[in-house]
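Visitor:
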Amino acid sequence: MQIRNDLRSIDVLSGVPQGSVLVPLLFIAYTADIKNIITSSFAMFADDIKLYNSCDNFSPLLSDLRSIYKWSQIWLLPINLDKCVTLDLDKGNSRHVYNSIGSYGLATTECHMGLGVHVYFSLLWSDHVLQVTKKANKMLFLLSKIFVKPSPLDFSQVYKT
Numbered sequence: 042m043q044i045r046n047d048l049r050s051i052d053v054l055s056g057v058p059q060g061s062v063l064v065p066l067l068f069i070a071y072t073a074d075i076k077n078i079i080t081s082s083f084a085m086f087a088d089d090i091k092l093y094n095s096c097d098n099f100s101p102l103l104s105d106l107r108s109i110y111k112w113s114q115i116w117l118l119p120i121n122l123d124k125c126v127t128l129d130l131d132k133g134n135s136r137h138v139y140n141s142i143g144s145y146g147l148a149t150t151e152c153h154m155g156l157g158v159h160v161y162f163s164l165l166w167s168d169h170v171l172q173v174t175k176k177a178n179k180m181l182f183l184l185s186k187i188f189v190k191p192s193p194l195d196f197s198q199v200y201k202t
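Counting with our numbering, you get residues 42 to 202 for the letters of the sequence shown.
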């Protein structure tokens, strides 16, 4: 490690090097065994994991949360608990009460975005479409300010971009 002119060696206890082309492969190798401790259905993409359960018995799901937390402590791979949320996909009005991870209470949300898709507790697409439309309209507004009176060729090039 070097800070200004001070150069020192330090032991690295965990993690993967940042900025390397090997990072995705190393991260997969580093976290490959996590699937062995989870009994619920799950989806994993990069450093994001989503557990899901389709019944009223939340014990397996809560047990898996505790197992993942314990695994993260053993492997010195801290979980960003501020990003951990629960999303209850229920068309009714009932809301389930979740425990915590360690001593940290889990936040409940009505919408969660993963890979660019807004998933709402109601499972309706209208809210997602509204969010995407707002974003597109903002971009169109900015483009209209740049191109006050676009020619058909300008419009074609912007559209194809």
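All residues carry an ideal CB built from backbone N, CA and C; glycine is no exception.
Between the C-alpha atoms of Ile75 and Lys179, what's the straight-line distance to the nearest angstrom?
Guide: On the sequence shown, residue 75 is found 34 positions in, with the first residue counted as 1. On the sequence shown, residue 179 is found 138 positions in, with the first residue counted as 1. Cα to Cα, the separation comes out at about 41 Å.
Visitor: Keeping to the same chain, check which residues put their C-beta closer than 7 Å to that of Val189; ignore five residues upstream and five downstream.
Guide: Stepping through the sequence shown from its first residue, residue 189 is reached at position 148. Cβ neighbours of Val189 beyond the five flanking positions: none.
Visitor: So the alpha helix (DSSP H) Val173 belongs to, where does it begin and stop?
Guide: By 1-based counting over the sequence shown, the position of residue 173 is 132. Unbroken alpha helix (DSSP H) run through Val173: Ser167 to Ile187.
Visitor: Report the residue from Ala70, Ile78 and Asn77 whose alpha carbon sits nearest the alpha carbon of Asp88.
Guide: The count along the sequence shown starts at 1 and reaches residue 88 at position 47. Measuring from the Cα of Asp88, the nearest candidate turns out to be Ala70.
Visitor: Quick one: measure Cβ to Cβ for Leu122 and Tyr145, integer angstroms, because I've assumed they're closer than 8 Å.
Guide: Along the sequence shown, read from residue 1 onward, the residue named residue 122 stands at position 81. Along the sequence shown, read from residue 1 onward, the residue named residue 145 stands at position 104. That belief holds up - the Cβ atoms of Leu122 and Tyr145 are roughly 4 Å apart, short of 8 Å.
Visitor: Can you check the segment 88-163 for any beta strand (DSSP E) of at least 3 residues that lies completely inside it and give the ranges in chain order?
Guide: As far as the segment 88-163 is concerned, its whole beta strand (DSSP E) runs of at least 3 residues are 89-93, 126-128, 148-150, 152-155 and 158-161.
Visitor: Which residues bound the alpha helix (DSSP H) around Ala70?
Guide: If you number the sequence shown from 1, residue 70 lands on position 29. Its alpha helix (DSSP H) spans residues Val64 to Thr72.
Visitor: So the alpha helix (DSSP H) Ser197 belongs to, where does it begin and stop?
Guide: In the sequence shown, the residue the question calls residue 197 occupies position 156. Start and end: Pro193 to Lys201.
Visitor: Could you please give the first and the last residue of the uninterrupted beta strand (DSSP E) stretch that includes Ser82?
Guide: As a position in the sequence shown, residue 82 is number 41, starting the count at 1. Note, Ser82: beta strand (DSSP E), Ser82 to Phe86.
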